[in-house]
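> These protein sequences, in sequence, are chains R and H. My numbering puts the first residue of the first sequence at -4, with every later residue one more than the last. My numbering puts the first residue of the second sequence at -4, with every later residue one more than the last. Just so it is clear, CB atoms sit at the ideal spot from N, CA and C, and this is done for glycine as well. Could you have a look at this structure, given as structure tokens, before my questions?
There are 2 protein chains.
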Amino acid sequence: MAVEVVYRSSRDLERLFMDKAEADRYDKMLELAEALSEALQKAVPSLSEQQVEELGIFMAKNRDTFAKAFKNQPEALAELGAETAE
Amino acid sequence: MAVEVVYRSSRDLERLFMDKAEADRYDKMLELAEALSEALQKAVPSLSEQQVEELGIFMAKNRDTFAKAFKNQPEALAELGAETAE
């Protein structure tokens, strides 16, 4: 037994990482997801809290694809296939 | 009276433009909105057709802001303020 270093994002205390870079990536993903959820909730008030959360996480996890779509390649979104947000 | 040229997107036959470049921009916006709606509907099946349509149009209209957010500036989304999708 020994003491060891683990890392976590302050946005999700449950999830621990052995690797700092991985914890950083996870934190950035959650940061983007939260910002997206907030913006979409304001824009479409009929969305439930769970729906905006799922939308935010889904888009943040697929950030590179959405970045392409918003830049100039909407067809990039087709590659997302049918994986759901959960 | 005279015959004149007007332009429209094949995605929305109702809206006519005097300016071809403007019609092009509108068509591109609708193309992105449709691709977004489709991807989000697959990812979050509980969304209604109207909700995915509103989400797609809202994001496509604010394409530059979302492009920034997905690139590396989630804080850009804060500038969207409280305008709703309608």
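(1) Would you please state the rounded distance, in angstroms, between the beta carbons of E48/R and S32/R? I believe it to be under 8 angstroms.
(2) Quick check on this structure: which residue in Y21/R, N67/R and L27/R has the alpha carbon closest to the alpha carbon of T70/H?
(3) Please state whether the Cβ-Cβ distance between L35/R and S4/R is less than 8 angstroms.
(4) Please name the residue or residues paired with D7/R in a DSSP beta bridge.
(5) Buried or exposed for R82/H, going by 16 or more other Cβ atoms inside 10 Å?
(6) To which residues does DSSP link F61/R through a beta bridge?
(7) What residues in the stretch 46 to 67 of chain R bring their beta carbon closer than 7 angstroms to a beta carbon of chain H?
(8) Is Q46/H buried or exposed, if buried means 16 or more other CB atoms sit within 10 Å of its CB?
(9) Do F61/R and F65/H have their beta-carbon atoms positioned less than 8 angstroms apart in this structure?
(10) Output, in chain order, the set of chain R residues within a Cβ distance shorter than 7 angstroms of S41/H.
(11) If you measure from the beta carbon of A38/H to each beta carbon in chain R, is any gap under 8 angstroms?
(12) Give the DSSP bridge partners of F12/R, in chain order.
(13) For the alpha helix (DSSP H) holding E74/H, just list the boundary residues, first then last.
Taking the geometry as given:
(1) For the purposes of this step, residue 48/R is identified with residue 53 of the first sequence, where counting begins at 1. For the purposes of this step, residue 32/R is identified with residue 37 of the first sequence, where counting begins at 1. Between S32/R and E48/R the Cβ distance is about 6 angstroms, and since that is below 8 angstroms, they are a contact.
(2) On the second sequence, residue 70/H is found 75 positions in, with the first residue counted as 1. Residue identity differs from the one stated: residue 70/H is Glu in this sequence, not Thr. The shortest Cα separation from E70/H among Y21/R, N67/R and L27/R belongs to L27/R.
(3) As a working mapping, residue 35/R is identified with position 40 in the first sequence. As a working mapping, residue 4/R is identified with position 9 in the first sequence. No, the pair does not count as a contact, with Cβ atoms beyond the cut-off.
(4) Numbered from 1 along the first sequence, position 12 holds the residue referred to as residue 7/R. The partner list for D7/R (beta bridge, DSSP) reads S4/R.
(5) Residue 82/H is absent from the structure shown; chain H starts at -4 and stops at 81.
(6) Counting from one through the first sequence, the residue named residue 61/R turns up at place 66. Answer is none; F61/R lacks a bridge partner.
(7) Q46, E49, L50, F53, R58, F61, A62, A64, F65 and K66
(8) For the purposes of this step, residue 46/H is taken as residue 51 along the second sequence, with counting starting at 1. By the 10 Å Cβ count, Q46/H comes out buried.
(9) Position 70 of the second sequence holds residue 65/H. Position 66 of the first sequence holds residue 61/R. Yes, these two residues count as a Cβ contact at 8 angstroms.
(10) Within the second sequence, numbered from 1, the residue matching residue 41/H stands at position 46. Here the neighbours are Q46.
(11) Within the second sequence, numbered from 1, the residue matching residue 38/H stands at position 43. So, interface residue.
(12) On the first sequence, residue 12/R is found 17 positions in, with the first residue counted as 1. Answer by DSSP bridge pairing, in chain order: Y2/R.
(13) Translated into the one-based positions of the second sequence, residue 74/H becomes position 79. First-last for E74/H: undefined, no H or E at that position.
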